[in-house]
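As structure tokens, the structure follows; a few thoughts come after it.
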Amino acid sequence: MKITRISVFQKTLPLKKPYALSGGRLIFKELDSTFVKIETDEGLTGWAEGCPWGHTYLPAHGPGLRAAIETMAPAVLGLDPRQAAKLNRAMDLALPGHLYAKAPLDIACLDIAGRAAGLPIADLLGGRYDGPAPVASSISTGTPDEMLALINEYRAAGYRVHSAKIGGDTTLDIERVRRLAADERPGEFIFFDVNRAWTVSEAVTVMNAVTDVAAVFEQPCETLEQCAHVARRTRHAISIDERLETPGDLHTIITGGIGEIVNIKINRVGGLTRARLLRDICLHHGIRMLVMETGGSALADTQCHHLAQSIPPEYLLGTWLCHEMLSVDPVPPRAGSRNINGCAAAPEAPGLGVAPDEPALGAPTAVYEYE
Ligand code: MG
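Going letter by letter, the sequence shown gives residues 6 to 376 in the numbering used here.
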């Protein structure tokens with residue numbers, strides 16, 4: 006089987022309301038998403054979505070993703086989409102780095118491989134565990150009252166895992182942690198996501214001011230070195246998110262004692278084939294995981310739920326459904342992974358088990374063909 010055509014679609018996804026991260030220094034109103042359709046000489050088609058969270062969250066942005074696909078397309082056309090390792094190697098040789106641009110190509114090929122084998126991607130990734138995954142809310146930075154009101158909205162939809170975004174003001178952060186933790190209900194897990202906002206001294210100050218609270222803090226500082234410093238000065242569990250891209254990063258996180266949890270963002274780490282390797286290293290070392298996309302429609306959310314479904318439930322802390330925050334969704338209603346009382350599952354149909362509504366994407370911005 007050969008890849009014969011790669012079609013690229015750009016779609017702007019507006020958020021229902023502006024969203025603040027990292028103590029309010031990062032504000033988001035819309036996402037620039039890229040949908041990729043891969044066709045083969047045997048008539049099978051695969052889809053995937055790559056959607057950076059704006060262009061300030063990570064060194065990744067929509068135009069860059071599409072430019073990187075243009076660069077890699079000649080190396081990908083003609084390959085067998087069922088051979089994921091060879092595909093990823095070919096992309097690495099054609100364009101070092103740029104992992105976030107490789108993710109949709111990797112995933113669209115896995116979609117085809119699953120359809121060819123008659124298996125959902127969760128089974129291609131090693132096998133599906135029973136039960137849906139708990140979905141984490143995403144609580145925009147605000148006053149403690151505003152954040153508690155948002156958590157209550159999510160509770161009404163069944164959510165029991167909450168990612169509360171803090172940072173920017175140490176006194177207010179201590180109050181946020183205390184108020185939200187005091188309101189935590191039995192069976193809930195609230196973690197405090199700093200999104201790199203703290204300096205090392207701010208992290209040590211806030212975390213050591215709440216030693217009586219069993220809180221988890223995500224990505225307290227910008228770099229792994231800074232987080233390692235904080236880890237030596239606190240007893241709190243730390244989750245690493247933005248600074249986990251490669252297996253080398255994960256090695257540093259584990260051997261450096263920097264984090265007990267990691268947040269595997271499928272787009273950031275370069276797709277599901279590479280995320281699978283990170284998953285297995287985490288399992289070996291007893292590291293629990295959150296599994297998310299960096300953003301996107303219900304198609305991207307479904308991609309992340311196939312990996313989530315392949316993780317033993319005791320190792321999976323939560324996932325995310327970005328599409329619930331969008332005012333448009335180019336995926337047919339109820340198709341793909343959706344919220345069911347605070348949980349979501351990967352489809353059981355072959356491949357991703359979902360495809361976008363192609364007319365809703367408009368005309369492709371680029372088409373690359375095998376000659
Ligand atoms: Mg995070």
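Glycine residues also receive a C-beta, built at the ideal position from the N, C-alpha and C atoms. None of the values given here were measured: they were computed from a predicted structure.
Taking Cβ to Cβ, would you say A80 is nearer than 8 Å to A106? Position 75 of the sequence shown holds residue 80. Position 101 of the sequence shown holds residue 106. The answer is no: Cβ separation not under 8 Å.
Taking only three categories from DSSP, how would you classify L49? The residue given as residue 49 occupies position 44 in the sequence shown. Coil at L49, not helix or strand.
What would DSSP say about L2, mapped onto helix, strand or coil? The requested residue 2 does not occur in the structure, where the chain is confined to residues 6 to 376.
Cutoff 6 Å; reference K304; Cβ partners in own chain excluding five residues on either side: The sequence position of residue 304 within the sequence shown is 299, counting from 1. The sequence as given places Leu at residue 304; Lys does not occur at that position. So the qualifying residues of the chain are E54, V336, P361.
Measuring from each Cβ to the nearest heavy atom of the ligand MG, keep the ones under 5 Å and list them in chain order. D198, E223, D246
Beta-bridge partners of H167, as assigned by DSSP: As a working mapping, residue 167 is identified with position 162 in the sequence shown. According to DSSP, which records beta bridges pairwise, H167 is partnered with S142, I195.
For L110 and T176, I'd like the C-alpha separation in whole angstroms. Position 105 of the sequence shown, counting from 1, holds the residue named residue 110. Position 171 of the sequence shown, counting from 1, holds the residue named residue 176. Roughly 44 Å between the two C-alpha positions.
How about T146 and A25: do their beta carbons lie closer than 8 Å? Numbered from its first residue, the sequence shown carries residue 146 at position 141. Numbered from its first residue, the sequence shown carries residue 25 at position 20. Yes, these two residues count as a Cβ contact at 8 Å.
Looking only at its own chain, which residues have a Cβ that is under 8 Å from the Cβ of A354, when we skip the five neighbours before and after it? Indexing the sequence shown from 1 puts residue 354 at position 349. Hits under 8 Å: P125.
Can you look up A219 in the DSSP assignment and give me helix, strand or coil? For the purposes of this step, residue 219 is taken as the residue at position 214 of the sequence shown. Coil at A219, not helix or strand.
From what residue to what residue does the alpha helix (DSSP H) around M152 run? Taking the sequence shown and counting its residues from 1, the one referred to as residue 152 is at position 147. Its alpha helix (DSSP H) spans residues 149-161.
CB L49 to CB I117, shorter than 8 Å? Within the sequence shown, the letter at position 44 stands for residue 49. Within the sequence shown, the letter at position 112 stands for residue 117. In contact: L49 and I117 (Cβ atoms closer than 8 Å).
With L321 and A138 assumed to form a contact (beta carbons below 8 Å), what rounded beta-carbon distance in angstroms separates them? Here residue 321 refers to the residue found at position 316 of the sequence shown. Here residue 138 refers to the residue found at position 133 of the sequence shown. Correct: roughly 6 Å between the Cβ atoms.
Can you find at least 3 beta carbon pairs, one from the segment 256-276 and one from the segment 298-316, that sit closer than 8 Å? yes
Separation of V333 from A368, as counted between CA atoms: As a position in the sequence shown, residue 368 is number 363, starting the count at 1. As a position in the sequence shown, residue 333 is number 328, starting the count at 1. Going from the Cα of A368 to the Cα of V333 covers about 17 Å.
Only counting the same chain, and skipping five residues up and downstream in sequence, which positions put a Cβ closer than 6 Å to that of G89? In the sequence shown, counting from the first residue as 1, residue 89 sits at position 84. The sequence shown places Ala at residue 89, rather than the Gly named in the question. So the qualifying residues of the chain are T278.
Who are A371's beta bridge partners in DSSP? On the sequence shown, residue 371 is found 366 positions in, with the first residue counted as 1. Answer is V13.
Using CA coordinates, which residue listed in A121, L70, A233, D150 is at the minimum distance from L104? On the sequence shown, position 99 is the one that residue 104 refers to. Of the listed residues, the one whose Cα sits closest to L104 is L70.
Just tell me which of L326, A78, V296, A371 has its CA closest to the CA of S342. Position 337 of the sequence shown holds residue 342. Of L326, A78, V296, A371, the residue nearest in Cα terms is L326.
Would you report the Cα separation of S319 and E374, rounded to the nearest angstrom? Working through the sequence shown from its first residue, we reach residue 319 at position 314. Working through the sequence shown from its first residue, we reach residue 374 at position 369. The displayed chain sequence assigns Glu, not Ser, to residue 319. Answer to the nearest angstrom: the Cα atoms are 44 Å apart.
Please confirm whether V235 and A202 have their CB atoms less than 8 Å apart. Along the sequence shown, one-based indexing puts residue 235 at 230. Along the sequence shown, one-based indexing puts residue 202 at 197. Contact flag unset, no.
Taking the beta strand (DSSP E) that L321 belongs to, which residues open and close that run? Taking the sequence shown and counting its residues from 1, the one referred to as residue 321 is at position 316. L321 -> beta strand (DSSP E) spans 321-323.
For F33, the nearest candidate out of P64, I266, G59 (CA to CA): The residue given as residue 33 occupies position 28 in the sequence shown. Of P64, I266, G59, the residue nearest in Cα terms is G59.
Candidates A313, N346, T370, E329, of which the one nearest G132 by Cα: The count along the sequence shown starts at 1 and reaches residue 132 at position 127. With distances taken between Cα atoms, G132 lies closest to A313.
In whole angstroms, give me the CA-to-CA distance for V170 and R184. Position 165 of the sequence shown, counted from the first residue, corresponds to residue 170. Position 179 of the sequence shown, counted from the first residue, corresponds to residue 184. A small correction: the amino acid at residue 170 is Lys; Val does not occupy that position in the sequence shown. Near 14 Å, if we compare the C-alpha coordinates of R184 and K170.
Counting only the same chain and skipping the five closest in sequence on each side, list residues whose C-beta sits under 6 Å from that of A365. Indexing the sequence shown from 1 puts residue 365 at position 360. Excluding positions up to five away in sequence, the list reads P335.
Pick helix, strand or coil for V333, following the three-state DSSP scheme. Position 328 of the sequence shown, counting from 1, holds the residue named residue 333. Reduced to three states, the DSSP call for V333 is coil.
Could you tell me the alpha carbon to alpha carbon distance between P352 and D306, rounded to whole angstroms? Position 347 of the sequence shown holds residue 352. Position 301 of the sequence shown holds residue 306. One C-alpha to the other measures close to 11 Å.
N-terminal and C-terminal residue of the beta strand (DSSP E) that V211 is part of: Along the sequence shown, read from residue 1 onward, the residue named residue 211 stands at position 206. Unbroken run through V211 is the alpha helix (DSSP H), 205-214; no beta strand (DSSP E).
R120: which of P86, D135, M152, R94 sits nearest, CA to CA? The count along the sequence shown starts at 1 and reaches residue 120 at position 115. That would be P86, whose Cα lies nearest to the Cα of R120.
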